[in-house]
Amino acid sequence: MRIIVLIKPGVELEESDACAVEQALRIARRRIDVQVSVLTAGPCECVHALRAALALGADDAVHVADPRIPSHDALVLSHILAATARQLGFDLILCGASSDIPNLTALPAMVAARLGIPARCHVTCVDQFHELPALISVTESSTPPRYPPFPAIAEARHKLLRTRTLNPDDLPSSVIKIADSVLHPRSTTIVKADDDPHAAAVQLVDFLAEHRFI
Amino acid sequence: MFPPMPLADPVLVLADQADDDDVTAPTQATRELLTLARRIGTPVLVRFPAEEAADALIGIAERTHPRAILITADGHGEMISAHVSVRLESPIVTDVTDLSFDHGCLITVQESAHGTDYITSEIHSAPVVITMCPRPKRRALVLTEADVVVAGGRGVGSAEGFSLLAQLANELGGCLGCTHTAGELGWAPQHACISLPGAQIKPRLYVAGGVSGSLRHRAAVRRARTVVAIDSDPNAPILREADFGIVGDLHQVLPAVLDELAQRIAHNSPDSAEA
């Protein structure tokens, strides 16, 4: 059985992706002949996240390396990941359900849609799969991965990590341009309520309304 | 099947699954999508059950060439938006808080995952699939999954004081929490304790009443996106961490806040006149 775990592009392995790796390893521990491969697409620094996944216990890794791959464009990313997964062959795809990277929450469902396989999203424990091939996304409240012992970390350096490059024709251009990333001005507003609690309350409710909490 | 649409700038909006057939009373989630849609064009409300929604939206989009397709980002919405995006080869932008349209270009604003940045993106393409987080979210039963946490500390003074905080948690659709100290004093149940190891909370809104802000507590709540603090001590450490702070007596401020909230929510309800 071959399980591919999709890793989102980034230097660090995201929590939900690490949980997906752990779920894949749980399946592998209970069965025989399970290969757990991790796959990502992105610039060269993504290799660090792959190495972290290998240290957790994945068997091998594939990195579709190209600095132009946009991490915030799920349409392009799903195209590349689905195409690569199809070429590698798989029985089950696992992936983290949430992400700190904008626009990637729909990525698991999009990869499944492209591959024409059923998707189950926001699963905490992958106990059973009714039909294969399928895709399952794992929440970060799932069992966290076991901290790897040092020999496993050392051994991970020798595991197979294949790098693929993209032909220019295979990279659809992204139409999403991040124009601005404005640091939320962390200003503190302090209001004194001793004389007029009602006025302070009105200001607080205004603040909550402005930030869409009511 | 569908009449020709003469609109120049249609924006498809998928009605929330919880909507009744009564078009005059859409749910809050649908109303929010419609509000966003109006900023970039003419909303076209599309109402279909979840299993038919993706195909329906794709069919309508191919006929009407909308600027955007707006979908609520809940469980069904995630699947629907994924299918629509892939089948139409349309870019997808998720958890959008604001939209505008300028010179043929759609502009979206999102909050970053850590709530520290606003990300503005320009999309030179149509249609764009946009998802919006429904607000308020379902009230979480577990503190560590709660979107809104209202917590109290030693400054609350008594279990009765905590009932005010519980009311506030209720109004905001959140969970009640307490500091280690308040828990030990028996003012709130043990499972509401925040500073326990492993009980990291990650709410969008954290309201701290009478919580001076020990280092241990602040470590447990550092992932809160927005912090509101109420304390009688102007030098309380938590006020430095807060986005909004009130210095005053909790027992006077909280009833005033609850009053104002009740008035505000009544004013905003669907039964009142449209703004």
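Protein chains in written order, with this note's numbering: chain P, 2 to 215; chain X, 4 to 278. For glycine and all other residues, C-beta sits at the position ideal for the given N, C-alpha and C.
Exposed is the label assigned to X/G107, since fewer than 16 other Cβ atoms lie within 10 Å of its Cβ. Taking 8 Å as the upper bound on Cβ-Cβ separation, chain X lies near residues H73, D74, A75, L76, S79 of the segment 69–98 of chain P.
C-alpha of X/E263 to C-alpha of P/F208: approximately 12 Å in a straight line.
Using a Cβ-Cβ cut-off of 7 Å, P/P44 does not count as an interface residue toward chain X, since no Cβ of chain X sits closer than that to its own. DSSP places P/H212 outside both helix and strand once states are collapsed to three, so it counts as coil. Identification of residues in the segment 108–130 of chain P having a C-beta nearer than 9 Å to some C-beta of chain X yields L108, P109, A110, M111, V112, A113, A114, R115, A120, C122, H123, given in sequence order.
Sequence-distant Cβ neighbours of P/L161 in its own chain, meaning closer than 6 Å and more than five residues away, are D61. In summary, P/G90 is exposed, with fewer than 16 beta-carbon neighbours lying within 10 Å of its beta-carbon over all protein chains present.
Note on geometry: alpha-carbon atoms of X/S215 and X/A245 lie some 11 Å from one another. Annotated three-state conformation of P/C45 is helix, per DSSP. For P/F208, at least one C-beta of chain X is nearer than 7 Å to its own C-beta. Annotation: the continuous beta strand (DSSP E) that includes P/H123 extends over 120–124.
For X/F165, no chain P residue has a Cβ inside 9 Å of its Cβ, as the nearest lies near 19 Å away. Classified as exposed, P/H131 has fewer than 16 neighbouring CB atoms from the shown chains inside 10 Å of its CB. Contact of X/S215 with chain P is not assigned, every C-beta pair being separated by 7 Å or more. Of the candidates X/V152, X/Q170, X/T184, X/P94, the residue whose Cα lies closest to the Cα of X/C178 is X/V152. Taking 7 Å as the cut-off, the Cβ atoms of P/G43 and P/I81 do not count as close. For the segment 62–87 of chain X, residues whose beta-carbon sits nearer than 8 Å to a beta-carbon of chain P comprise A76, G78, E81, M82, S84, A85, H86.
Going by beta carbons, X/S128 and X/R42 fall outside the 7 Å limit. Annotation for X/E114: the continuous beta strand (DSSP E) segment containing it runs 108–114. Around the beta carbon of X/S198, 16 or more other beta carbons sit within 10 angstroms, so the residue counts as buried.
Under the criterion of beta carbons closer than 8 Å, X/A259 and P/P198 qualify as touching, at roughly 4 Å. Residue environment for X/I268: exposed (fewer than 16 other C-beta atoms within 10 angstroms of its C-beta).
In the three-state reduction of the DSSP assignment, P/M111 falls in the helix class, which pools H, G and I. Within the same chain, F91, D92, L93, I94, L116, I118 come within 8 Å of P/P134 by CB-CB distance, once the 5 residues on both sides are set aside. If the five residues before and after X/T97 are omitted, its C-beta is found closer than 7 Å to the C-beta atoms of A76, T134, all from its own chain and listed in chain order.
Taking a 10 Å sphere around the C-beta of P/C126, we find fewer than 16 other C-beta atoms and assign the residue as exposed. For the pair of segments examined, the segment 135–155 of chain P was found to touch the segment 45–61 of chain P: the number of CB pairs separated by less than 8 Å reaches three.
X/I126 and X/T111 do touch by the CB rule: their CB atoms are close to 7 Å apart, below 8 Å.
Taking 7 Å as the cut-off, the beta carbon of X/V87 is found closer than this to the beta carbon of X/A57. In this structure, X/L242 sits away from X/A227, with a CB-CB distance that is not shorter than 7 Å. Among the bridge pairs identified by DSSP, P/H64 is matched with P/T41, P/T164.
Cβ atoms of P/E15 and P/D101 come within 8 Å of each other, at about 6 Å.
The C-beta distance from P/A21 to P/V6 rounds to 5 Å, short enough to meet the 8 Å contact threshold. If one requires a minimum length of 3 residues, the beta strand (DSSP E) runs lying completely within the segment 143–223 of chain X are 151–155, 178–181, 208–212, in chain order. Each of P/A98, P/H73, P/L105, P/R3 was checked against the Cα of P/R87, and the nearest Cα belongs to P/R3.
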